[in-house]
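Quick mapping for you: the protein sequence lines, in order, are chains X and W. For the first sequence, UniProt numbering gives the first residue as 1, with consecutive numbering after it. For the second sequence, UniProt numbering gives the first residue as 1, with consecutive numbering after it. Report on the following structure.
Number of protein chains: 2
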Amino acid sequence: MVKQRATIDDVARAAGVSKSLVSFALNGKPGVAPQSRDRILRAAGELGWVPSVRARSLTTARAYALGLVIARDPAVISEDSFFPAFIAGIEAALAPVGQALVLSMVPDERAEHETYRQLVAHDRVDGVILTDLRESDSRVPLLRELGLLAVTLGHPQQHSEFPAVSVDDAPGIRAAVDHLVDLGHRRIAHVAGSSGMLHAARRSMAFSEALTLHGLRPDLVVEADFTAQGGAKATRDLLALEHPPTAIVYANDPMALAGMGVAQRLGLRVPEDLSVTGFDGGEAGRHNFPALTTVVTSVQEWGGASARALLSLIAGLDVADSELDPARLVVRESTASPVQHRASRALSAEKSIA
Amino acid sequence: MVKQRATIDDVARAAGVSKSLVSFALNGKPGVAPQSRDRILRAAGELGWVPSVRARSLTTARAYALGLVIARDPAVISEDSFFPAFIAGIEAALAPVGQALVLSMVPDERAEHETYRQLVAHDRVDGVILTDLRESDSRVPLLRELGLLAVTLGHPQQHSEFPAVSVDDAPGIRAAVDHLVDLGHRRIAHVAGSSGMLHAARRSMAFSEALTLHGLRPDLVVEADFTAQGGAKATRDLLALEHPPTAIVYANDPMALAGMGVAQRLGLRVPEDLSVTGFDGGEAGRHNFPALTTVVTSVQEWGGASARALLSLIAGLDVADSELDPARLVVRESTASPVQHRASRALSAEKSIA
DNA sequence: CTGAAAGCGCTTACAG
DNA sequence: CTGAAAGCGCTTACAG
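Encoded structure:
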């Protein structure tokens with residue numbers, strides 16, 4: 001049996017006051033006599049009254065929900081461990097405050113815009129979290145046009161009035177490069193994510209800077225698209241070079257794992273013949289053989305911090321840009337000193353020329 | 001600039017009719033003069049009017065949203081490619097009808113119950129999709145108590161008045177076993193998922209039946225928990241046996257991949273020394289070396305079918321149990337004929353005793 | 001400090 | 001076929 005839910009009227013009657021006072025008391029407004037407040041709260045408790053979000057939404061013009069729109073091919077998104085952890089973090093921040101997460105997964109950018117419009121047209125959310133920021137991201141002006149509040153993961157390239165919640169990828173990439181150089185690698189390649197994505201570009205730039213700092217030329221950078229398939233292709237291209245790299249820094253784990261598969265298929269040993277590092281490390285890399293050396297970030301905390309920032313923004317507070325713990329390297333088994341063979345000999349020759 | 005949204009009053013005024021008539025026209029109720037209907041629809045179109053979901057929710061006592069509560073450790077869920085694809089399928093079914101998906105990810109069963117209660121208390125959803133059915137699943141009676149509609153993925157063990165949308169795992173497992181037996185394997189093990197989960201039990205039972213059908217004894221079944229770590233441990237245990245298996249059928253891909261890693265770490269070649277099959281195959285297995293032979297199901301379609309069934313149920317229709325395409329085997333590289341060595345010789349000896 | 005009233009934007013009997 | 005009115009369950013000025 002589903003019993004009728006109590007309403008504010010039931011509580012008012014039980015407490016012997018008006019609806020207004022019940023509303024004030026429950027919303028913690030000042031100017032309610034302590035005894036009235038007690039009586040009201042007790043009555044509400046006894047009746048098990050929870051204010052109707054529907055009614056509140058109508059009067060306050062708020063949805064009490066946050067939105068997350070993920071624009072990726074579903075086949076691809078399942079490779080990536082980022083979103084589940086990120087969503088878990090959001091969830092943990094929302095549950096205690098009685099807010100909900102409305103999730104959309106769309107295949108492309110067109111559907112993405114349509115989804116944001118629908119979200120607004122149907123008043124589903126009070127704000128959204130923008131992930132996977134892109135070059136001159138069309139979502140920033142779109143949301144502004146729609147009047148939807150947002151926080152961005154990292155700083156957009158263009159002007160944005162939305163707070164950014166960021167994690168610095170660079171230290172992780174730098175640490176990966178330092179680690180490889182320490183091991184004796186001189187010919188280090190990078191398989192980047194789609195250059196249209198800001199975090200891909202950032203990682204790529206960090207890679208080049210780190211190499212330059214070591215006096216090495218960042219001339220082995222191949223753009224892929226964050227997918228296993230793209231990572232595999234990029235790796236095949238790199239290994240087909242006359243002077244193939246002895247180490248590859250990948251922009252994410254799925255590409256690194258697929259790249260490792262390609263190398264092994266070609267008869268190379270990892271890490272003896274090829275060292276490999278990933279990024280955003282999940283469980284898959286840990287149980288691979290060899291276990292993947294990777295760069296990790298606190299994805300779950302990022303989700304929580306983003307949600308809280310957005311909630312504050314919605315509440316009308318000033319929220320400043322914030323920065324979480326930077327990415328850091330976790331060394332496992334896929335990196336080692338290069339064995340002296342053709343590729344590295346070729347490198348020495350090149351170095352003496354440089 | 002955010003312009004004020006049009007309301008039903010604006011449309012009524014523009015069309016020169018009452019609000020009631022606008023409401024009737026828009027909801028396709030009978031008994032509206034064709035010309036009035038036209039006038040109203042045109043006015044609505046010109047004003048860009050979309051009925052407020054908030055107001056409709058309050059009057060119709062509907063949320064126009066579906067819920068999905070995932071109860072898994074976030075570190076673990078990201079290994080599994082099931083949910084992203086499943087959610088994409090739900091999304092594709094909901095978007096055209098203007099409904100939303102409210103997603104919750106919770107770490108354990110206690111939080112899970114609390115989440116369902118909150119979903120109901122806050123009127124967030126009209127129904128939920130129950131995944132990962134468990135033995136004597138406490139969610140079935142809970143939802144009944146809460147008066148929340150639902151569809152289940154597969155049939156619960158206990159009595160349930162909720163429609164079931166099912167995919168038969170058995171043919172896939174059977175095909176995997178047949179394939180291995182055809183290759184010459186006689187000592188085939190199974191690494192099962194958590195026995196408390198119905199689909200784990202079903203896969204395990206299908207495995208045993210298939211083996212029995214071939215006159216083999218299903219005595220090498222180890223229970224794990226669907227995680228890479230659990231799969232790795234189960235594999236270590238199996239390979240430490242005096243007469244280790246020559247092939248292992250895993251209940252999902254993350255366990256299979258981790259198991260393969262364990263075997264390779266022990267110096268075994270896959271598939272020469274050990275054949276391996278997975279389940280619910282995603283991209284990761286395809287790019288592994290060797291590529292994982294696995295059982296696939298149409299996860300995305302499952303999501304769509306579930307959402308549509310639930311929508312029908314909420315609309316008050318009778319919805320029957322339904323069955324989608326059964327799971328099927330995809331042979332890749334991780335399976336081959338066993339090489340004749342100690343383990344298989346030992347097996348022959350055992351067979352002659354049996 | 002408290003109550004009566006209006007209003008949020010719809011839907012739905014009820015008359016006509 | 002159509003309109004006036006009440007109601008969904010809250011919040012929020014406005015009086016007092």
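Cβ coordinates follow ideal geometry from the N, Cα and C atoms, glycine included.
If we count the other Cβ atoms within 10 Å of its Cβ and call it buried at 16 or more, is residue i buried or exposed?
i        : result
X/Ala349 : Only weak support is given to the placement of X/Ala349: the predicted model assigns it a pLDDT of 38, under 50, and the question is left unresolved by the model.
X/Lys233 : buried
W/Glu323 : exposed
W/Val97  : exposed
W/His159 : exposed
X/Glu46  : exposed
W/Val17  : buried
X/Glu91  : buried
X/Gly215 : exposed
W/Asn27  : exposed
W/Ala240 : exposed
X/Asp273 : buried
W/Ser352 : Note that W/Ser352 scores a pLDDT of 34, beneath 50, so its modelled location is shaky; the value from the coordinates is reported in the next line. Answer is exposed; the Cβ neighbour count stays below 16.
W/Thr227 : buried
W/Ser20  : exposed
X/Val339 : exposed
W/Ala61  : exposed
X/Asp38  : exposed
X/Gly172 : buried
For a quick check, are the C-beta atoms of residue i and residue j less than 7 Å apart?
i                      : j        : result
X/Glu135               : X/Pro254 : no
X/Gly285               : X/Leu292 : yes
X/Arg187               : X/Thr246 : yes
X/Ala170               : X/Asp321 : no
X/Arg124               : X/Ala71  : no
W/Gly231               : W/Ala258 : yes
X/Ile314               : X/Leu133 : no
W/Glu114               : W/Val69  : no
X/Ala189               : X/Ile248 : yes
residue 437 of chain X : X/Val296 : Outside the shown range of chain X (1 to 354) lies residue 437 of chain X, about which nothing can therefore be said.
W/Arg54                : X/Ser23  : no
X/Leu310               : X/Leu66  : yes
X/Ser306               : X/Asp325 : no
residue 355 of chain W : X/Ala100 : This structure gives no information on residue 355 of chain W, because the portion of chain W shown stretches from 1 to 354.
W/Gly261               : X/His287 : yes
List, in order along the chain, the chain W residues whose C-beta lies closer than 7 Å to that of residue i?
i        : result
X/Ile314 : By Cβ distance, chain W contributes nothing, its closest Cβ being about 15 Å from X/Ile314, past 7 Å.
X/Pro74  : Pro84, Ala85, Ala88, Gln300
X/Ala307 : Under the 7 Å cutoff, chain W gives no residues; its nearest Cβ is about 13 Å from X/Ala307.
X/Ala232 : His287
Tell me the DSSP bridge mates of residue i?
i        : result
X/Gly127 : X/Leu66, X/Leu149
X/His323 : Note that residue 323 of chain X is Glu in the sequence shown here, rather than His. X/Ser166.
W/Ser104 : W/Val69
W/Val295 : W/Leu329
W/Val276 : W/Ile248
W/Arg134 : W/Met197
Strictly below 8 Å CB to CB, what residues from chain X border residue i?
i                      : result
W/Met105               : Pro84, Ile87, Ala88, Glu91
W/Asp79                : Before going on, a small fix: residue 79 of chain W reads as Glu here, not Asp. Simply Ser81, Gly282, Glu283, Ala284.
W/Gln118               : Ala95, Gly98
residue 356 of chain W : Any property of residue 356 of chain W remains undetermined from this structure, which presents chain W solely from 1 to 354.
Anything in chain W within Cβ reach of residue i, meaning under 9 Å, just list it in chain order.
i        : result
X/Gln157 : Near X/Gln157 there are no residues of chain W at all, since even the closest Cβ is about 24 Å away, more than 9 Å.
X/Pro254 : Glu283, Ala284, His287
In chain X, which residues lie less than 7 Å from residue i when you measure between Cβ atoms?
i        : result
W/Asp123 : Ser52, Val53, Arg54
W/Ser57  : Arg54
W/Phe289 : Gly261, Gln264, Arg265
Which chain X residues are close to residue i, counting only those with a beta carbon under 9 Å from its beta carbon?
i        : result
W/Val102 : Ala65, Ala100, Leu101, Val102, Leu103
Under 8 Å Cβ-Cβ, which residues of chain W neighbour residue i?
i        : result
X/Ala228 : Glu283, Ala284, Arg286, His287
Identify every run of the alpha helix (DSSP H) within the stretch 29–80 of chain X, keeping only runs that are complete inside it and at least 4 residues long; order them along the chain. 34–47, 53–60, 74–77
Runs of 4 residues minimum, wholly inside the stretch 175–227 of chain X: which ones carry the alpha helix (DSSP H) assignment? 198–213
Give the list of continuous alpha helix (DSSP H) stretches no shorter than 4 residues that lie fully inside the stretch 224–256 of chain X. 228–239
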